[in-house]
Amino acid sequence: MSGGQKRVALVTGASRGIGRAIALGLAKRGYDLALNDIPRQAKALDEVAAEARSSGVRAVALHADVSAKAEVEAMVAKAVAELGSIHAVVNNAGILIASPVETLAEAHWDSVMDVNAKGTFLVIQAVLPLMKKQAYGRICNIASIGGKHGAPEQAHYSASKAAVMGFTRVLAQELGPIGITANCVCPGIILTDMGRVNLDDPQIRAAWSAKTAMARIGDPEDVVGPVAFFCSDDSAFVTGQTLNVDGGIVFS
């Protein structure tokens, strides 16, 4: 792709936590941004877009439920209409509803799989015609170390993130010949609103800190650099990979 062309990144689940940090980190690196979240996060998403613009880039806030195909297609069409193209996609939107398997509600299994796994698929399916036409694309799917080793009360979340990793490996094989890369970042224990499901209890927080080689819980900003790498041409010969960003919990 021509080095003089402005890059545009679509970031889902961008109103808070890791998504917000990624959006602002990409803005600082010069990307124009299509920022997505669900309508009830509209105020927070508008604030992220405004903060991104302070870095001198364009940023549009787009409301869509990533598990709804029609909403995703409309979101992508609007992003392209306003920003001209999409060169990088960061599938960050995700939910976690903790429950042991025995009492896990079918509806909760469905919601987690719909957002985390199906949502990633629908967003990629919607942007692929554009990426194929321009023979260029960078896909970075946010999975989790939970998709590798799991955790109690997170069977559906772990299954959804394992699905994202498997999906990404197939994307890499299908899309590599036409100049599109696909990789996963697997955050570890990160202090976000969703992460606090694991971290409200000080003893649990201390235990997780002790399990990391770096002896601390992660911050959303810790995830930004690896995602930016996968969105850039520095990773042009890297595809189908899963990178743990966990301070040293999973060593594979």
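Quick note: the sequence shown uses the working numbering, first residue 103, plus one each step.
Think of the CB as a built atom: it goes at the ideal place given N, C-alpha and C, for glycine as much as any other residue.
These figures come from a predicted structure and were not determined experimentally.
Please classify Gln275 as buried or exposed, where buried requires at least 16 other C-beta atoms within 10 Å of its C-beta.
Exposed: under 16 other Cβ atoms inside 10 Å.
Rounded to the nearest angstrom, what separates Ala253 and Pro304 at their Cα positions?
Near 18 Å, if we compare the C-alpha coordinates of Pro304 and Ala253.
Answer with buried or exposed for Arg142, where buried requires no fewer than 16 other C-beta atoms within 10 angstroms of its C-beta.
Per the 10 Å Cβ criterion, exposed.
With respect to 7 Å, is the separation between the Cβ of Ala330 and the closest non-hydrogen atom of the ligand MG below this value?
Looking for the ligand MG in the displayed structure turns up nothing, as the structure carries no ligands at all.
Give every residue of the same chain whose Cβ lies closer than 8 Å to the Cβ of Asn194, excluding the five residues on either side of it in the sequence, and list them in chain order.
Val113, Thr114, Gly115, Ala116, Ile120, Gly121, Ile124, Ile244, listed in sequence order.
Quick check on Ile120: does DSSP put it in helix, strand or coil?
Helix at Ile120.
For Cys286, which of Val266, Leu301, Thr294, Ile280 has the nearest alpha-carbon?
Residue Val266 is the option with its Cα nearest to Cys286.
Label Gly349 either buried or exposed according to how many other C-beta atoms from any shown protein chain fall within 10 Å of its C-beta, with 16 as the threshold for buried.
So Gly349 ends up on the buried side.
With 16 as the cutoff for other CB atoms within 10 Å, does Ser354 come out buried or exposed?
So Ser354 ends up on the exposed side.
Is it true that the CB of Arg240 sits closer than 8 Å to the CB of His189?
Cβ distance < 8 Å, so His189 and Arg240 count as in contact.
Any idea what DSSP makes of Leu206, helix, strand or coil?
Leu206 falls in the coil class under three-state DSSP.
Alpha carbons only, please: which of Val150, Arg109, Ala261 is nearest the one belonging to Gly132?
Closest by alpha carbon: Arg109.
Less than 8 Å between the beta carbons of Ser187 and Leu128, yes or no?
Contact flag unset, no.
By Cβ distance below 7 Å, which residues in the same chain neighbour Val217 in space, the five residues on each side in sequence not counted?
Cβ within range, chain order: Val168, Ser169, Ala195, Gly196, Ile197.
What three-state label does DSSP hand Gly186 in the structure shown?
Note: Gly186 maps to coil in three-state DSSP.
Just tell me which of Gly278, Gln256, Lys250, Ile282 has its CA closest to the CA of Gly268.
It is Lys250 whose Cα lies nearest to the Cα of Gly268.
Quick check on DSSP: helix, strand or coil for Gln174?
For the record, residue 174 in the displayed sequence is Val; it is not Gln. In the structure shown, Val174 sits in a helix (DSSP, three-state: H, G or I).
Pull the bridge partners of Leu345 from the DSSP assignment, please.
Leu345 pairs with Val287.
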